[in-house]
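Going by the numbering used here, the sequence shown opens with residue 7, and the numbers climb by one from there. For reference, the structure discussed in these notes is given below.
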Amino acid sequence: MVKTIKNFIGGEYVAGTAGRLFDKLSPVDGSLVARVHEASQADVDHAVAAARAGQAEWAALMPAQRAQILHKVADGIDAQAEEFVAAECADTGKPYTLASHLDIPRGAANFRIFADLVANVPTESFVMPTATGDALNYALRVPKGVIGVISPWNLPLLLMTWKVGPAMACGNAVVVKPSEETPATTTLLGEVMNAAGVPKGVFNVVHGFGPGSAGEFLSRHSGVDAITFTGETRTGAAIMKACADDIRDVSFELGGKNPAIVFADCDLEKAIDGTARSVFSNCGQVCLATERVYVERSIFEEFVSRLAERARTLRLGIPSDPATTMGPLISKEHQSKVLGYYKLAVEEGATVVCGGGVADVGEAYRDGCWVEPTIWTGVDHSHRIMREEVFGPCCAIMPFDTEGEAIALANDTDYGLACSIWTENLSRGHRVAAQINCGLTWVNCWFLRDLRTPFGGSKQSGIGREGGVHSLEFYTELRNVCVLL
Ligand code: NAD
Ligand code: 6OD
């Protein structure tokens with residue numbers, strides 16, 4: 007049955023006042039999944055006003071009281087996990103196995119970690135001797151106010167709650183603009199917030215697009231104190247401009263063109279496993295995904311043929327089939343973009359090791375957004391597929407001869423999000439990791455997350471770090487009080 011999805015403002019589901027609805031189509035077969043109420047400027051104004059009104063009551067609670075409520079939110083997600091999984095998979099086409107092991111449990115974990123952290127955060131103080139006696143300085147950590155959260159479609163609940171969890175734990179109210187491609191789970195979270203006892207207006211959701219729609223209305227809104235955004239680098243630039251006039255703060259998690267470096271002294275089986283996961287998981291639509299693989303020359307041929315073997319054994323299929331290991335891309339538009347890169351790679355002279363086209367998943371899914379998992383060799387850094395983010399299930403593999411060359415190749419990019427290093431020589435692992443210019447380096451693993459650690463990108467991959475106490479830096483402000491005793 008086709009759902010109708012409304013905005014969530016002041017604790018209630020409300021229709022868009024302009025009466026405009028847009029279609030959300032299934033990436034699996036192009037069928038209509040939902041009709042979504044697009045928020046007008048007036049609706050975004052309403053959501054920001056509701057957030058302003060709700061924030062004071064929320065911030066007045068003790069951190070431990072907020073923590074208790076946020077634990078109930080996490081429990082609520084767990085209790086409705088099946089519904090969340092079904093909604094996430096209907097919007098994205100991703101396998102149930104992935105959503106139920108990664109997206110939805112992380113949605114709950116993102117509330118628990120920050121609830122506990124904020125309830126236990128210390129404050130700093132200094133005693134300063136003066137000629138007339140001591141002065142006591144202490145810092146008060148206060149919420150920023152209303153946070154605009156603009157989120158993407160690839161890991162919808164996970165990435166949205168990664169921002170909403172710490173923002174709310176710190177005493178802020180939020181207005182969330184989920185991707186137009188994935189409106190369902192953010193909307194469902196409204197129900198969970200109400201059931202957990204979150205005061206009305208603390209969590210709001212507005213639906214729509216970017217430019218000239220809810221995304222732009224929110225990022226330009228003078229009633230929003232800061233914007234936290236995850237998405238494409240170019241979109242980040244537009245949001246930064248929108249925030250510039252009022253000097254509003256931004257936190258950005260942006261695109262990547264992430265390298266993996268595979269040394270001949272690696273455990274080859276683990277390196278193949280890890281690289282296959284990092285290239286093909288979520289149909290390659292993970293900001294941390296590996297798109298450039300540098301392999302030491304002595305194991306190059308073997309690595310390429312074994313990774314291609316893994317690609318060929320991926321099982322493309324519908325989300326509910328437990329045998330499915332890869333779903334479709336998110337949309338027809340994104341499929342065209344990825345297929346454009348598949349064509350460009352060949353025009354630029356790359357050798358196609360496997361894949362390279364539209365995947366045939368059967369007549370019933372002809373209108374879906376399927377592409378083949380793809381591997382290229384015969385590339386160098388003059389090729390656009392070695393420089394631009396594709397965001398699909400593909401990688402290009404290049405040989406290298408020395409450690410220094412591998413480091414230079416990995417760093418030769420405008421991005422700086424993530425890197426994986428595969429070696430059994432841990433001294434080398436530490437040494438190389440220290441020289442890679444990116445926010446996150448994994449040695450002999452990939453996307454292994456401890457939520458207390460700093461997360462974010464260098465260069466065009468982002469601004470700021472979130473995770474653990476680093477999130478507090480963005481979602482709160484410190485006020486110093488100096489008392490002459
Ligand atoms: P996107 O930038 O197209 O859209 C993200 C969000 O921004 C959506 O909600 C969209 O409606 C909104 N938006 C678009 N234009 C806007 C504008 N002018 N003003 C305000 N809002 C606007 O990104 P996407 O296609 O949804 O996601 C894929 C991209 O996100 C990839 O580049 C990927 O690398 C990146 N990403 C980065 C991280 C990270 O942690 N660094 C995580 C996930 C995704
Ligand atoms: O694990 C996280 O906290 C996180 N932000 C992951 C981002 C994945 C990008 O697609």
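C-beta atoms are modelled at their ideal positions from N, C-alpha and C, and glycine is treated no differently.
Taking only the alpha-carbon atoms, compute the straight-line gap between residue i and residue j and give it to the nearest angstrom.
{"i": "Phe258", "j": "Ala248", "result": "14 angstroms"}
{"i": "Thr331", "j": "Ala62", "result": "46 angstroms"}
{"i": "Gly196", "j": "Lys100", "result": "23 angstroms"}
{"i": "Tyr481", "j": "Glu308", "result": "48 angstroms"}
{"i": "Pro265", "j": "Lys206", "result": "44 angstroms"}
{"i": "Thr10", "j": "Gly216", "result": "21 angstroms"}
{"i": "Lys276", "j": "Pro33", "result": "32 angstroms"}
{"i": "His389", "j": "Asp418", "result": "12 angstroms"}
{"i": "Leu142", "j": "Arg393", "result": "53 angstroms"}
{"i": "Ala70", "j": "Val124", "result": "8 angstroms"}
{"i": "Glu18", "j": "Glu88", "result": "23 angstroms"}
{"i": "Ile427", "j": "Cys272", "result": "9 angstroms"}
{"i": "Ala175", "j": "Ile391", "result": "41 angstroms"}
{"i": "Gln291", "j": "Arg26", "result": "29 angstroms"}
{"i": "Ile245", "j": "Asn116", "result": "24 angstroms"}
{"i": "Arg254", "j": "Val155", "result": "13 angstroms"}
{"i": "Ile233", "j": "Thr23", "result": "24 angstroms"}
{"i": "Ala317", "j": "Val127", "result": "46 angstroms"}
{"i": "Val385", "j": "Ser287", "result": "23 angstroms"}
{"i": "Ala173", "j": "Gly36", "result": "35 angstroms"}
{"i": "Thr98", "j": "Asp109", "result": "11 angstroms"}
{"i": "Asp252", "j": "Thr459", "result": "31 angstroms"}
{"i": "Ile381", "j": "Val39", "result": "32 angstroms"}
{"i": "Phe406", "j": "Arg303", "result": "6 angstroms"}
{"i": "Leu199", "j": "Ala114", "result": "Residue identity differs from the one stated: residue 199 is Met in this sequence, not Leu. Cα-Cα distance, rounded: 12 angstroms."}
{"i": "Arg298", "j": "Leu484", "result": "41 angstroms"}
{"i": "Glu44", "j": "Tyr144", "result": "45 angstroms"}
{"i": "Val449", "j": "Gly280", "result": "10 angstroms"}
Taking residue i as the reference, give the member of the options with the closest Cα.
{"i": "Met166", "options": "Arg147, Pro149, Thr193", "result": "Thr193"}
{"i": "Ala239", "options": "Tyr481, Gly463, Ser185", "result": "The sequence shown places Thr at residue 239, rather than the Ala named in the question. When each option's Cα is compared against that of Thr239, the closest is Gly463."}
{"i": "Lys150", "options": "Gly177, Val124, Leu161", "result": "Gly177"}
{"i": "Gly368", "options": "Gly410, Ser433, Gly242, Pro334", "result": "Pro334"}
{"i": "Trp2", "options": "Val208, Ala66, Ile278", "result": "The question about residue 2 has no answer here: the residues shown for the chain are numbered 7 through 491."}
{"i": "Val301", "options": "Ile119, Phe461, Val39, Glu411", "result": "Glu411"}
{"i": "Phe120", "options": "Arg41, Thr296, His77, Glu130", "result": "His77"}
{"i": "Arg41", "options": "Asn210, Gly214, Leu146, Asp407", "result": "Gly214"}
{"i": "Gly445", "options": "Val20, Gly473, Asp251", "result": "Gly473"}
{"i": "Thr296", "options": "Ile336, Ala416, Ala356, Ala201", "result": "Ala416"}
{"i": "Lys465", "options": "Glu315, Thr281, Lys263", "result": "Lys263"}
{"i": "Tyr371", "options": "Glu44, Val182, Leu322, Val54", "result": "Leu322"}
{"i": "Gly242", "options": "Thr319, Ser157, Ser284", "result": "Ser157"}
{"i": "Gly229", "options": "Ala179, Asp366, Gly261", "result": "Ala179"}
{"i": "Ala314", "options": "Ile403, Ser337, Ala365, Gly470", "result": "Ile403"}
Just to confirm, does residue i get its C-beta within under 8 angstroms of one of the non-hydrogen atoms of the ligand NAD?
{"i": "Val180", "result": "no"}
{"i": "Ile156", "result": "yes"}
{"i": "Cys293", "result": "yes"}
{"i": "Phe461", "result": "yes"}
{"i": "Ile245", "result": "yes"}
{"i": "Arg240", "result": "yes"}
{"i": "Ala56", "result": "no"}
{"i": "Leu165", "result": "yes"}
{"i": "Phe2", "result": "Beyond the ends of the chain as shown, which are 7 and 491, falls residue 2; an answer cannot be given."}
{"i": "Glu395", "result": "yes"}
{"i": "Leu423", "result": "yes"}
Under the criterion of a Cβ to heavy atom distance below 8 angstroms, does residue i qualify as lining the ligand 6OD?
{"i": "Gly473", "result": "yes"}
{"i": "Trp159", "result": "no"}
{"i": "Trp376", "result": "no"}
{"i": "Thr236", "result": "yes"}
{"i": "Arg112", "result": "yes"}
{"i": "Phe223", "result": "no"}
{"i": "Arg455", "result": "yes"}
{"i": "Leu335", "result": "no"}
{"i": "Glu259", "result": "yes"}
{"i": "Trp428", "result": "no"}
{"i": "Leu104", "result": "no"}
{"i": "Trp168", "result": "yes"}
For the ligand PLP, any of its heavy atoms closer than 8 angstroms to the Cβ of residue i?
{"i": "Ala190", "result": "As presented, the structure is devoid of the ligand PLP, carrying the ligand NAD and the ligand 6OD as its sole ligands."}
Segment contact, 8 angstroms Cβ cut-off, at least three pairs: the segment 105 to 113 with the segment 36 to 51: The answer is no - the segment 36 to 51 does not touch the segment 105 to 113, with fewer than three Cβ pairs under 8 angstroms.
How do the segment 135 to 145 and the segment 79 to 96 stand: do at least 3 beta-carbon pairs fall below 8 angstroms, yes or no? Contact between the segment 135 to 145 and the segment 79 to 96 is absent, with fewer than three C-beta pairs closer than 8 angstroms.
At least 3 beta-carbon pairs within less than 8 angstroms: the segment 170 to 186 vs the segment 211 to 222: Remark: three or more beta-carbon pairs, one from each stretch, lie closer than 8 angstroms, so the segment 170 to 186 and the segment 211 to 222 are flagged as touching.
Please list the segments of the alpha helix (DSSP H) lying wholly inside the segment 276 to 321, counting only runs of 4 or more residues, in order along the chain. Within the segment 276 to 321, the runs of alpha helix (DSSP H) that reach at least 4 residues and sit entirely inside it are, in chain order, 306 to 319.
Where in the segment 120 to 193 do unbroken runs of the alpha helix (DSSP H), each at least 4 residues long, occur, reported from the N-terminal end onward? Listed in chain order, they are 162 to 175.
Residue ranges of each beta strand (DSSP E) within the segment 406 to 462, 3 or longer: Runs of the beta strand (DSSP E) lying entirely within the segment 406 to 462 and spanning at least 3 residues, in chain order: 424 to 428, 446 to 449.
Counting only runs of 4+ residues fully inside the segment 208 to 266, write out the alpha helix (DSSP H) ranges in chain order. Taking only runs of at least 4 residues, the alpha helix (DSSP H) segments lying wholly in the segment 208 to 266 are 220 to 226, 239 to 250.
Which residue spans inside the segment 338 to 415 form an unbroken alpha helix (DSSP H) run of at least 4? Counting only runs of 4 or more, we get 338 to 353.
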